[in-house]
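Visitor: For reference, the structure I am asking about is given below.
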Amino acid sequence: MATTEQPPASRLRAWMLEGLSDMGKPGGHTGPHAEPEPAHRGQRWWRVMCLTGVDYFSTLGYQPGIAALAAGLLSPIATIVLVIVTLAGALPVYRRVAEESPRGEGSIAMLERLLSFWQGKLFVLTLLGFAATDFLITITLSAADASTHLVENPHLNSALHDQQMLITLVLVALLGAVFLKGFLEAVGVAVVLVGIYLALNVVVVIVGFWHIITAGHVVTDWSSALTAEHGNVFVMIGVALIVFPKLALGLSGFETGVAVMPHVQGDPEDTEERPTGRIRDTKKLLTTAALIMSGFLIATSFITTLLIPEKDFESGGPANGRALAYLAHNYLGGVFGTVYDVSTIAILWFAGASAMAGLLNLMPRYLPRYGMAPHWARAVRPMVIVFILIAFLVTWIFDADVDAQGGAYATGVLVLISSAAIAVTIAAHKAGQRGWTIGFAVISAVFLYTTVVNVIERPDGVKIGACFIAAIILVSLLSRLARAFELRVTSVTLDPMAERFVRDMASRKIRLIANEPDSRDTAEYRDKIEQIREDNDIPGEDFVFVEVTVLDPSEFEAGLTVRGEVLHKRYRVLTLESSSIPNALAALLLHIRDTTGCTPHIYFEWTEGNPFHNFLRFFLFGQGEVAPVTREVLREAEPDRARRPRVHTG
47 MATTEQPPAS RLRAWMLEGL SDMGKPGGHT GPHAEPEPAH RGQRWWRVMC LTGVDYFSTL
107 GYQPGIAALA AGLLSPIATI VLVIVTLAGA LPVYRRVAEE SPRGEGSIAM LERLLSFWQG
167 KLFVLTLLGF AATDFLITIT LSAADASTHL VENPHLNSAL HDQQMLITLV LVALLGAVFL
227 KGFLEAVGVA VVLVGIYLAL NVVVVIVGFW HIITAGHVVT DWSSALTAEH GNVFVMIGVA
287 LIVFPKLALG LSGFETGVAV MPHVQGDPED TEERPTGRIR DTKKLLTTAA LIMSGFLIAT
347 SFITTLLIPE KDFESGGPAN GRALAYLAHN YLGGVFGTVY DVSTIAILWF AGASAMAGLL
407 NLMPRYLPRY GMAPHWARAV RPMVIVFILI AFLVTWIFDA DVDAQGGAYA TGVLVLISSA
467 AIAVTIAAHK AGQRGWTIGF AVISAVFLYT TVVNVIERPD GVKIGACFIA AIILVSLLSR
527 LARAFELRVT SVTLDPMAER FVRDMASRKI RLIANEPDSR DTAEYRDKIE QIREDNDIPG
587 EDFVFVEVTV LDPSEFEAGL TVRGEVLHKR YRVLTLESSS IPNALAALLL HIRDTTGCTP
647 HIYFEWTEGN PFHNFLRFFL FGQGEVAPVT REVLREAEPD RARRPRVHTG
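Counting from 47, one number per residue, gives the positions in the sequence shown under my numbering.
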């Protein structure tokens, strides 16, 4: 296909858009990483688990403090409820997601397959909005918590007091600088960070339990306070169930676990069509990560609740956002505490990097296919700048407060998990698995309830998510509108009969008639030829009809297959199926010109009705102002007027 030549790019523009040409090609690079390695050359599942763990396990930096603020003395019991939901709900759901989308597409792709046309695209854009909320808040919340650990370090507190906002912005900016230079996901770095961080947490947990055991009154005081406050165990469980949605941050990491599936090694005999080993090992990854995290969540919520005064968890308190670091400094000394702070800051910062990588891989996977991204959005660096600026704005809005961002983060996480639960419920139903369908339906109901309660209690999360959704939909539609006249047929294939028609026409003048098929009887084609002859004052009947059937007008680009047939033993007809009539016709004309060396002519009727309404019909449904839009597509695709196929309208 001919394309418009671009003027030479400046050095800055060339650097910003580096890799753009490759990213538009099938199988091309679509994010900050190289193409995933084949299944048999990937990484062992436990190493990839550490890549997921920089996001999942890093929540230990702030989760115990958030749980204590939400549930108070009931924090350990509420955390046990969270663990039950994790192991009996989220884990089975994402094990099934791994089976259904072994290439790392996740639950969004599963739901995308269930819906077509514009409702499917808008639904996916909505889920992308919540995914953007999840990943962006991961960046800002992790940076805020890292700065909290830095500011509250006893050795640095006096020097960095009241500088948390600045430090958070600097950390976010450094994250952007890494991606602007070029970021390659390093599994080895993740293994080191996760290994050190979990080992330090094991030490803190052991020391915490030792202090609880040696000071026997701590457990007694806690149980007495619980009984005095809530009465009996049934009331405690009931209250724990009520406050459970506030602890939903502990469910993060499952979507990332599925997203990294292409990096899992699998078996040597795995293929992309049947990656059995990759699916099995990803299930091991998800299960092991969930079990490790569940153990840490229960242990850390218990020791922090019993050993830290309740007032220290509050905003401005020394344990706010850094409960385990507080224990590390108090019980293991300043040196160990500082090492723990450094480890926590590193893994939280790397969690932001993982989230940024997820964003840069997720958006190009969908938006360019829909025609809903500007041309430069396929390049990494411009998108990094956009996301970093948004992260700056979010940090400023929330004043770099970990607690304040918890609602927005939980909303993004819960919406994605709820959508995954619904997707696997539908998949089980389609597979005729009645037991799994009922089980997944119950899990879906639990997560939907949790999501609704979280939204009601902390509406800031859904407000931020709604802002992202509105921005994505607005930018997507404006981009689609701006690219309305772009030639977006990726290939043209003619069957033998269609090729015969083209070869025959090439020996004379190539004349095509665009026809909207109706009854397709003899009278329709005879009358059409007479009308074209009269309107354009041309003799003869040496025409070939072209008929386009619109399938899914919301699709942006696809290949084109042209079939030839002879109707009523007289009329030659080329039939095409496409998402847009003008694009299909323009692509066919350019293909005929390139294969024959002749300039084809195509004849149209004027479209009746309001031009604006007709343009909307074209934009939304692929048909409307066919003649002028076909010419405009040809004009953009072929700047040389002498080589451009001729469009006639009468």
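Ideal placement from N, C-alpha and C gives every residue a C-beta, glycine not left out.
To test your reading of the DSSP string, which unbroken alpha helix (DSSP H) runs of 4 or more residues are found completely within the segment 317 to 359?
Guide: Entirely contained in the segment 317 to 359, the alpha helix (DSSP H) runs reaching 4 residues are, in chain order, 322 to 353.
Visitor: Assess, as a yes-or-no matter, whether the segment 122 to 129 is touched by the segment 329 to 345 under the definition of 3 or more beta carbon pairs within less than 8 angstroms.
Guide: Segments in contact, yes.
Visitor: In three-state terms, what does DSSP make of residue 84?
Guide: As a first step, residue 84 is located in the sequence shown; it is residue number 38 there, counting from the start. In this predicted model, residue 84 has a pLDDT of only 42, less than 50, meaning its place in the structure is not dependable; the value taken from the coordinates is given anyway. Three-state DSSP puts residue 84 in coil, outside helix and strand.
Visitor: Can you find at least 3 beta carbon pairs, one from the segment 85 to 102 and one from the segment 302 to 313, that sit closer than 8 angstroms?
Guide: Flag = yes, the segment 85 to 102 and the segment 302 to 313 touch.
Visitor: Whole angstroms are fine: how far does the CA of residue 113 sit from the CA of residue 85?
Guide: Taking the first residue of the sequence shown as 1, we reach residue 85 at position 39. Taking the first residue of the sequence shown as 1, we reach residue 113 at position 67. Its pLDDT being 38, under 50, residue 85 is placed unreliably in this model, and the value from its coordinates should be taken loosely. Looking at the two C-alpha atoms, the distance is approximately 39 angstroms.
Visitor: Measuring CB to CB, does residue 391 end up less than 8 angstroms from residue 190?
Guide: As a position in the sequence shown, residue 391 is number 345, starting the count at 1. As a position in the sequence shown, residue 190 is number 144, starting the count at 1. The answer is no: Cβ separation not under 8 angstroms.
Visitor: According to the Cβ coordinates, are residue 507 and residue 456 closer than 8 angstroms?
Guide: Counting from one through the sequence shown, the residue named residue 507 turns up at place 461. Counting from one through the sequence shown, the residue named residue 456 turns up at place 410. For residue 507 and residue 456, yes; Cβs fall inside 8 angstroms.
Visitor: How big is the Cα-Cα spacing for residue 586 and residue 561?
Guide: As a position in the sequence shown, residue 586 is number 540, starting the count at 1. As a position in the sequence shown, residue 561 is number 515, starting the count at 1. If you take the alpha carbons of residue 586 and residue 561, they lie about 18 angstroms apart.
Visitor: Using C-beta distances below 8 angstroms, list every residue in its chain close to residue 692, excluding the 5 sequence neighbours before and after it, in chain order.
Guide: Translated into positions along the sequence shown, residue 692 becomes position 646. These residues qualify, in order along the chain: 645, 646, 647, 648.
Visitor: Are the segment 591 to 599 and the segment 613 to 628 touching by the rule of at least three beta carbon pairs closer than 8 angstroms?
Guide: Verdict: yes, contact present.
Visitor: Using the Cα positions of residue 131 and residue 109, report the straight-line distance between them to the nearest angstrom.
Guide: Within the sequence shown, residue 131 is the residue found at index 85, counting from 1. Within the sequence shown, residue 109 is the residue found at index 63, counting from 1. One C-alpha to the other measures close to 16 angstroms.
Visitor: Alpha helix (DSSP H) containing residue 241: first to last residue?
Guide: The residue given as residue 241 occupies position 195 in the sequence shown. Per DSSP, residue 241 belongs to the alpha helix (DSSP H) from 233 to 260.
Visitor: DSSP three-state label for residue 614, please.
Guide: Counted from its first residue, the sequence shown places residue 614 at position 568. In the structure shown, residue 614 sits in coil (DSSP, three-state: anything other than H, G, I, E or B).
Visitor: Give the single residue among 638, 687, 411 whose Cα lies nearest to the Cα of residue 555.
Guide: As a first step, residue 555 must be located in the sequence shown, where it is residue number 509. Per the Cα distances, 638.
Visitor: If you draw a straight line from the alpha carbon of residue 207 to that of residue 362, how long is it in whole angstroms?
Guide: Residue 207 sits at position 161 when you count from the first residue of the sequence shown. Residue 362 sits at position 316 when you count from the first residue of the sequence shown. One C-alpha to the other measures close to 11 angstroms.
Visitor: Exposed or buried, which one is residue 674 when buried takes at least 16 other CB atoms within 10 Å?
Guide: Working through the sequence shown from its first residue, we reach residue 674 at position 628. Residue 674 comes out buried.
Visitor: According to DSSP, simplified to helix, strand and coil, what is residue 159?
Guide: Start at 1 with the first residue of the sequence shown, and residue 159 comes out as number 113. In the structure shown, residue 159 sits in coil (DSSP, three-state: anything other than H, G, I, E or B).
Visitor: Should residue 404 go down as buried or exposed, given a rule of 16 or more other Cβ atoms within 10 Å for buried?
Guide: Here the question's residue 404 lines up with position 358 in the sequence shown. So residue 404 counts as buried.
Visitor: DSSP three-state label for residue 195, please.
Guide: Position 149 of the sequence shown, counting from 1, holds the residue named residue 195. Residue 195: helix per DSSP, three-state reduction.
Visitor: Under 8 angstroms between the Cβ atoms of residue 384 and residue 199?
Guide: By one-based count along the sequence shown, residue 384 stands at place 338. By one-based count along the sequence shown, residue 199 stands at place 153. Contact: yes.
Visitor: Kindly list the residues whose CB is nearer than 7 angstroms to the CB of residue 90, restricted to its own chain and excluding five residues on each side of it in sequence; keep chain order.
Guide: As a first step, residue 90 must be located in the sequence shown, where it is residue number 44. Excluding positions up to five away in sequence, the list reads 311.
Visitor: By the 10 Å Cβ neighbour count, where 16 or more other Cβ atoms means buried, how is residue 238 classified, buried or exposed?
Guide: For the purposes of this step, residue 238 is identified with residue 192 of the sequence shown, where counting begins at 1. With fewer than 16 Cβ atoms within 10 Å of its Cβ, residue 238 is classed as exposed.
Visitor: Around the C-beta of residue 537, are 16 or more other C-beta atoms found within 10 angstroms, so that it is buried, or is it exposed?
Guide: Position 491 of the sequence shown holds residue 537. Looking at its Cβ environment, which holds fewer than 16 other Cβ atoms inside 10 Å, residue 537 is exposed.
Visitor: Roughly how many angstroms separate the alpha carbons of residue 631 and residue 676, rounded to a whole number?
Guide: Along the sequence shown, read from residue 1 onward, the residue named residue 631 stands at position 585. Along the sequence shown, read from residue 1 onward, the residue named residue 676 stands at position 630. Their backbone Cα atoms lie some 7 angstroms apart in a straight line.
Visitor: Pick out the complete alpha helix (DSSP H) segments inside the segment 537 to 575, 4 residues or longer, and give them in chain order.
Guide: Entirely contained in the segment 537 to 575, the alpha helix (DSSP H) runs reaching 4 residues are, in chain order, 542 to 552.
Visitor: Between residue 642 and the rest of its own chain, which residues show a CB-CB distance below 6 angstroms, the 5 nearest in sequence each way excluded?
Guide: For the purposes of this step, residue 642 is identified with residue 596 of the sequence shown, where counting begins at 1. Answer for residue 642: 552, listed in chain order.
Visitor: Apart from the five residues just before and just after residue 437, which ones in its own chain have a Cβ nearer than 7 angstroms to its Cβ?
Guide: Position 391 of the sequence shown, counted from the first residue, corresponds to residue 437. Same-chain partners within the cutoff: 182, 185, 186, 218.
Visitor: Count the C-beta pairs between the segment 129 to 147 and the segment 470 to 489 that are closer than 8 angstroms, then say yes if the count reaches three, no if not.
Guide: Judged by Cβ distances under 8 angstroms, the segment 129 to 147 makes contact with the segment 470 to 489, as three or more pairs qualify.
Visitor: My output table needs one value for residue 606: the three-state DSSP class, helix, strand or coil.
Guide: Position 560 of the sequence shown, counted from the start, is the residue given in the question as residue 606. Note: residue 606 maps to strand in three-state DSSP.
Visitor: According to the neighbour-count rule (16 or more other Cβ atoms, all chains shown, within 10 Å of its Cβ), is residue 269 buried or exposed?
Guide: As a position in the sequence shown, residue 269 is number 223, starting the count at 1. Its Cβ having fewer than 16 others within 10 Å, residue 269 is exposed.
Visitor: Measure the C-alpha to C-alpha separation of residue 584 and residue 578 and round it to an integer number of angstroms.
Guide: Position 538 of the sequence shown, counted from the start, is the residue given in the question as residue 584. Position 532 of the sequence shown, counted from the start, is the residue given in the question as residue 578. C-alpha separation (whole angstroms): 8 angstroms.
Visitor: Let me check understanding here. Comparing Cα to Cα, which of 156, 530, 149, 521 lies closest to residue 317?
Guide: In the sequence shown, residue 317 corresponds to position 271, counting from 1. Minimum Cα distance to residue 317 is reached at 149.
Visitor: Decide if residue 196 is buried, meaning its Cβ has at least 16 other Cβ atoms within 10 Å, or exposed.
Guide: To locate residue 196, count along the sequence shown from 1; it is residue 150. Per the 10 Å Cβ criterion, buried.
Visitor: Who are the Cβ neighbours of residue 681 in its own chain at under 6 angstroms, not counting the five residues just before and after it?
Guide: Along the sequence shown, one-based indexing puts residue 681 at 635. Result list for residue 681: empty, nothing under 6 angstroms.
Visitor: Determine the extent of the alpha helix (DSSP H) in which residue 275 is found, giving its start and end residues.
Guide: In the sequence shown, counting from the first residue as 1, residue 275 sits at position 229. Start and end: 263 to 276.
Visitor: May I ask you to report which of helix, strand or coil DSSP gives residue 591?
Guide: Along the sequence shown, read from residue 1 onward, the residue named residue 591 stands at position 545. Looking at residue 591 - three-state DSSP - the assignment turns out to be strand.
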